[in-house]
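Protein chains: 2
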Amino acid sequence: MKVKDTPENTLERLIIYLKVLEALEKKKIDFISSEDLAKNCGVNSAQLRKDLSFVGSLGTKGVGYSVKSLKFSLKNFLGRAQEWNLILGGLSPLGIFLLQDKILQKEGFYFLAAFDTKEENIGKIYNGIIVYNLNQLPQVVNVIKVDIGVITAEENPEIFLEAFINQGIKAILNLSKVPLFVENQEIKIENFSFSMPLTKLSYFLKNSL
Amino acid sequence: MKVKDTPENTLERLIIYLKVLEALEKKKIDFISSEDLAKNCGVNSAQLRKDLSFVGSLGTKGVGYSVKSLKFSLKNFLGRAQEWNLILGGLSPLGIFLLQDKILQKEGFYFLAAFDTKEENIGKIYNGIIVYNLNQLPQVVNVIKVDIGVITAEENPEIFLEAFINQGIKAILNLSKVPLFVENQEIKIENFSFSMPLTKLSYFLKNSL
DNA sequence: AAGTGTGAACTTTTTCACAGCT
DNA sequence: AGCTGTGAAAAAGTTCACACTT
Chain A
1 MKVKDTPENT LERLIIYLKV LEALEKKKID FISSEDLAKN CGVNSAQLRK DLSFVGSLGT
61 KGVGYSVKSL KFSLKNFLGR AQEWNLILGG LSPLGIFLLQ DKILQKEGFY FLAAFDTKEE
121 NIGKIYNGII VYNLNQLPQV VNVIKVDIGV ITAEENPEIF LEAFINQGIK AILNLSKVPL
181 FVENQEIKIE NFSFSMPLTK LSYFLKNSL
Chain B
210 MKVKDTPENT LERLIIYLKV LEALEKKKID FISSEDLAKN CGVNSAQLRK DLSFVGSLGT
270 KGVGYSVKSL KFSLKNFLGR AQEWNLILGG LSPLGIFLLQ DKILQKEGFY FLAAFDTKEE
330 NIGKIYNGII VYNLNQLPQV VNVIKVDIGV ITAEENPEIF LEAFINQGIK AILNLSKVPL
390 FVENQEIKIE NFSFSMPLTK LSYFLKNSL
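Chains as they are written, first to last, in my numbering: chain A, 1 to 209; chain B, 210 to 418.
Okay, here's the thing in structure tokens:
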């Protein structure tokens, strides 16, 4: 699959580089050195160059990097040159927010359907996206190609995880309160909640007296 | 400040352990071994025990860990035994969502004020939280103790960052599109956007054909 | 002259394995 | 007998430093 697997930390930094490059592009910056880009990304230039070496030989010696073409290479490498189909599980306030907001769409992530278990929510429509009963998932998966399942349920998120996995969904973003894990290496779960970065900050504050 | 600094990855895992312990407590589980807890947290038991050793000697040899007291120790260690005061910068849809939702409150993070630069937003009230003009920040900071500044601006997030730092705020959660960094080691910025975990998933999907 | 790409040195993190406590 | 806590070994990640290209 790959000569050397990209480490998790490198992957995270590559995503940061991509975002910063997008901002630089808006500022009409055409070329940048590893030194300058690194400063904008909170790393040192050796780190940045080593990280980029996982993607390829992307710069010009003596010159630096083309912002546009580096951005292009990173988007490709990260699977962000294409669009992805999402479904949502659990109609919490956060779930409804994500359906209504356009941020994810702008980045190429499209919600195609939502699922819930509470009868009163079935049939509701948010931003053109229909809420189905979770037991209708097999039929929906039959019709559309689902890439990523996003779990926003406030209660029993594992019910949605199980249903998603049973329907062959391989990538899960879990935004519920409780982190979820599976043994199966073919399935990737990303756990996130706002309390993660906030707790890092509370730890920092507690220890910086 | 500390004998040995807690590594970033350990810190992140400790936060996961805390969340999982909270879930176990709800399931009325009183005691658990490192082996079983580790399984629930997606790590191996040696990792978990080593991580916990940064917090202290928390288990009982031959027995395991008390769910309640381990949770308590972790909360204390992570600065989550106390409440924290937040202000919000930038009245985007995400910003409004965070003001209105109660998730962060339930975890001990309280928004006390919001700030924006657009005249039409000043004076609005969400969930009892008043939106001030950013130039009123000094007066507000004079009256209330602000622990964490949360940036949700869609445009020019750096304006809020600068204003927050100028007012002595040391902890920043940046939820804007572009990651922000500062040299000053006394200030801690956590950058987060949903596109981080989603891009990790798109990378995974792209490479698991 | 300037700045990339990368082996080699160094540092940090993870895993192993077992002594020691209950 | 069972499971923690932790030094020591192994693995992984970061930084250095310089050969090499433009």
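For every residue, glycine included, the Cβ atom is placed at its ideal position computed from N, Cα and C.
Values in this document were obtained by computation on a predicted structure and should not be read as measured data.
Taking 9 Å as the cut-off, decide whether the C-beta atoms of residue i and residue j are in contact.
i	j	result
B/L382	B/V359	yes
B/I357	A/L201	yes
A/V131	A/D116	yes
B/A322	B/L303	no
B/E392	B/G299	no
A/F72	B/F306	no
A/A23	B/K386	yes
B/S417	A/E186	yes
A/K19	B/L414	no
A/L134	A/I159	yes
B/Y226	B/L308	no
Compute the Euclidean distance between the alpha carbons of residue i and residue j, then round it to the nearest angstrom.
i	j	result
B/P406	B/Y412	10 Å
B/E316	A/S195	7 Å
A/V67	A/L104	23 Å
B/F373	B/K397	12 Å
A/G168	B/N249	22 Å
B/K311	B/F318	10 Å
B/K236	B/L230	10 Å
B/A362	A/N85	27 Å
A/I144	B/T408	21 Å
B/A274	A/P157	In the sequence as presented, Ala is not what sits at residue 274 of chain B; that position holds Tyr. Each residue's Cα considered, the two are about 26 Å apart.
A/F111	A/E190	17 Å
A/T10	B/L220	18 Å
B/S262	A/V63	48 Å
In or out: residue i buried (at least 16 other Cβ within 10 Å) or exposed?
i	result
A/N142	exposed
A/N166	exposed
A/A46	exposed
B/M210	Summary for B/M210: the model assigns pLDDT 36, below 50, so the residue's position carries little reliability; its value from the coordinates is reported in the next sentence. Exposed: under 16 other Cβ atoms inside 10 Å.
Leaving out the 5 sequence neighbours to the left and right, which residues in its chain are closer than 8 Å to residue i when beta-carbon positions are compared?
i	result
B/F401	L382, N383, L384
A/V55	L14, S73, L74, F77
A/G42	I16
B/E234	V276, K277, K280
Residue i: beta carbon under 8 Å from a heavy atom of the ligand HEM?
i	result
A/F164	Of the ligands one can find in the structure shown there are none, so the ligand HEM has no counterpart to examine.
In its own chain, which residues sit with a C-beta less than 6 Å from the C-beta of residue i, not counting the 5 before and 5 after it?
i	result
A/R13	D51
B/L370	L389
B/G337	none
A/I29	V67
A/A38	N44, S45, L48
Which same chain residues, not among the five before or five after residue i, have their C-beta less than 7 Å away from its C-beta?
i	result
A/A210	This structure gives no information on residue 210 of chain A, because the portion of chain A shown stretches from 1 to 209.
A/S92	T152, A153, E154
Note to self: Is it the case that the region 260 to 279 of chain B contacts the region 240 to 252 of chain B, given that we only count it when at least three CB pairs across the two stretches are under 8 Å?
What the structure shows: yes
Note to self: With three or more C-beta pairs closer than 8 Å as the rule, is the region 214 to 223 of chain B touching the region 326 to 336 of chain B?
What the structure shows: no
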